[in-house]
Amino acid sequence: RLPGGLSMALTVLGPIANSHERSTSENPTSLDIEFSRVVVCGFPRTGTTFLQVAIQDVFEDSTACWKNHDVLGIPRYLRAGIPTVVTLREPLDTAVSWSIYNQDRVDADLLAHRLNTYAIWHEQVLNYLHSRLLRLKRFDDFSEHPFETMSPVLQQIAREEELHHVDAESVQNDLERKNHQQGLLIARANLPSRERHEQRQRYLELAQCRPAAKALDRASSIYDELHIRSLNRPSLDMLTLAVTEQSSFRASNPAVWAGAIATGSAGAASILRLLGD
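The sequence shown maps to residues 119 to 395 in the working numbering.
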């Protein structure tokens, strides 16, 4: 938990653990940044794909929203003056869905690992809350009422442009088509399913075991803090924020964006495991 611990761990271990091939899903090109109206960045299985599709449908533009899971990439979007939405979902629901996605064996230690990775990821978000471009949106809100939840942000981006109203059902239908086209397995689909429900119950039972319960306490604590902070975010003013954000990040200490969340090699391993999976 030393200042700069994450960047130091990645500097030492990154060349060994990281692939040398550039990711096309986590690293946007300059054109991706230029065309994006908004960025959605969230932990895996927190509704990022649902929200991306909703925003694209609102603007009727497939390039309007860039989505990824790289919490360390957030400063780049903020420096570019792009409103960035972090999706928040209850930690146990997220970890269980993530375990099913990765086809983990039903094991309390593995679930604890997923929950600790969740906590580490979200603790990093605290370092970016000084930015007025950063928005925090709850899964329960936007998955039921996507347009109403996002319209305060999207209206600021669109200004005089007319937005296309979407509801949860239309977004789900769009996602179903995309899942079918991509041939996604049930475990990796972006919508609820009856088949996954039985698997989910088996993982939920592990939450009472000591290692998982301890990790859940840590994850729940950071989730609760971010949820409270989401209710008191400063207003979004697109006319003045771009220049302000660039100046703010140039002046900030590298520890702010590099993070202070790694606990030796274990902390780095968690981050690298997340990015690898």
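Every residue, glycine too, gets a C-beta built ideally from N, C-alpha and C. Source: prediction; values computed, not measured.
Cα-Cα separation between residue i and residue j, rounded to whole angstroms
i, j, result
"Phe260", "Glu178", "18 angstroms"
"Arg318", "Gln274", "39 angstroms"
"Val101", "Ser288", "One cannot answer for residue 101 here, as it falls past the ends of the chain, which runs 119 to 395."
"Tyr321", "Asp227", "11 angstroms"
"Asn186", "Arg328", "32 angstroms"
"Pro209", "Glu323", "15 angstroms"
"Gln300", "Glu262", "24 angstroms"
Residue i and residue j closer than 9 angstroms at C-beta
i, j, result
"Phe257", "Thr205", "yes"
"Val284", "Val203", "no"
"His240", "Phe161", "yes"
"Glu144", "Asp188", "yes"
"Arg232", "Asp222", "yes"
"Ile192", "Cys183", "no"
"Pro201", "Leu251", "yes"
"Val176", "Leu247", "no"
Range of the contiguous alpha helix (DSSP H) that encloses residue i
i, result
"Val156", "Careful: Val156 lies outside any alpha helix (DSSP H), inside the beta strand (DSSP E) at Val156 to Gly160."
"Thr235", "Ala226 to Val243"
"Thr267", "Pro264 to Ala276"
"Asn145", "Careful: Asn145 lies outside any alpha helix (DSSP H) and carries neither H nor E."
"Asn297", "Ala286 to Gln300"
"Ala213", "Pro209 to Tyr219"
"Thr175", "Note on identity: in this sequence residue 175 is Asp, with Thr being the wrong assignment. Here the alpha helix (DSSP H) through Asp175 covers Thr166 to Phe177."
Terminal residues of the beta strand (DSSP E) in which residue i lies
i, result
"Val204", "Thr202 to Leu206"
"Leu252", "Leu252 to Arg256"
"Cys327", "Where Cys327 is concerned, there is no enclosing beta strand (DSSP E), given that its DSSP letter is neither H nor E."
Simplified DSSP state of residue i, which is helix, strand or coil
i, result
"Gly122", "coil"
"Glu280", "coil"
Practice problem: Could you tell me whether the region 123-130 touches the region 150-163, using the rule of 3 or more Cβ pairs below 8 angstroms? | Solution: No, the region 123-130 does not touch the region 150-163.
Quiz item: Can we say the region 230-241 touches the region 325-345, given the rule of at least three CB pairs closer than 8 angstroms?
Solution: Yes, since at least three Cβ pairs between the region 230-241 and the region 325-345 fall closer than 8 angstroms, the two stretches touch.
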